[in-house]
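These notes concern the structure reproduced below.
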Amino acid sequence: MGDYHNNQTLWTEILPGGHHWSGRIQKGAVLQFKALGANANVSLFCVNAEDKLERYNMPDSLKGQHTAYLTAGNVLYSDLGRVMASIVKDEAGWNDTFCGPSRPEQIEKQFGTRTFQDARNDMYQSGLDGLLVELSKFSLGQTDLSATVNLFSKVTPNDVGALSYVPSDNTDQIIELRFEMDCLVFLSAAPHGLDNSAEYQPADIQLSLFKANSLGETDICRDSCPQNQRAFQNNARYYAISNV
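Note that our numbering has the sequence shown beginning at 7, numbered continuously upward.
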């Protein structure tokens, strides 16, 4: 698989483990995530920057692509049948879509409590709390948040369907998302909710932004299944005037 961007970094920054981030990522950009440690996790949620009622839809993303997890060649559908972002590179190979962000009670049960008053930026924070902080910056709240994509995290079921987290050394693994519409992107690098690590040591994540290359005659995500081709056609109609 070749490169899907021009390899010229527009900006880069570190998202410390346990912290959160949000920003507007434009259509035609590639956001790269690089894990800087083991057991990395990035809970990602996004909405249409121009219409915040259009949001990432987990059930449609899985049903339309006949999968239980997302990886290279898959896309993130919105609830209006359009493509929000395409996963053009995935060295982790499996990104959990079922479990959502970790919750405060999960973090407290697993790791105990360490508050901002006690530890400042070394506080223990859940993925949910971090995402809600970022959502509030754009006048969104808990009722606006649905399922997330948990990048770098793999979960597997047992014979009765109970899910378990699979520990992994993600160090230096890269995942790249090419954005197919202007999105508000919300991130938390808190641990996965099923991570059974003894200590709260979520990995740092390096974020980098690139300009995407134009889609070719064939594309790893658009052409991976007929439903994706239809969703890209929906995007084309949505942006028809702006592309003239």
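Glycine included, C-beta positions come from ideal geometry on N, C-alpha and C.
Note that this is a predicted model, so its numbers are computed, not measured.
Per DSSP, the beta-bridge partners of Glu19 are Leu213. Burial is judged here by how many other beta carbons sit within 10 angstroms of a residue's own beta carbon; Asn45 has at least 16 and is buried. Under the DSSP assignment, Leu50 falls in the beta strand (DSSP E) whose first and last residues are 48-54. With respect to Trp100, Tyr75 sits close: the two C-beta atoms are nearer than 9 Å. Taking a C-beta distance under 9 Å as the contact criterion, Ile226 and Tyr10 qualify as a contact pair. The C-beta distance from Asp188 to Ala55 rounds to 4 Å, short enough to meet the 8 Å contact threshold. Contact annotation: Asn12 and Phe216 have beta-carbon atoms nearer than 9 Å.
Gln38 is bridged by DSSP to Glu182, Ser214.
With a 10 Å radius around the Cβ and a threshold of 16 neighbouring Cβ atoms, Pro163 comes out exposed. A contact is defined here as three or more CB-CB pairs under 8 Å, and the stretch 197-207 fails this definition with respect to the stretch 66-85.
Linking Gly79 to Thr224 through their CA atoms gives a straight-line distance of about 12 Å. According to the DSSP secondary-structure assignment, Trp100 is paired through a beta bridge with no residue.
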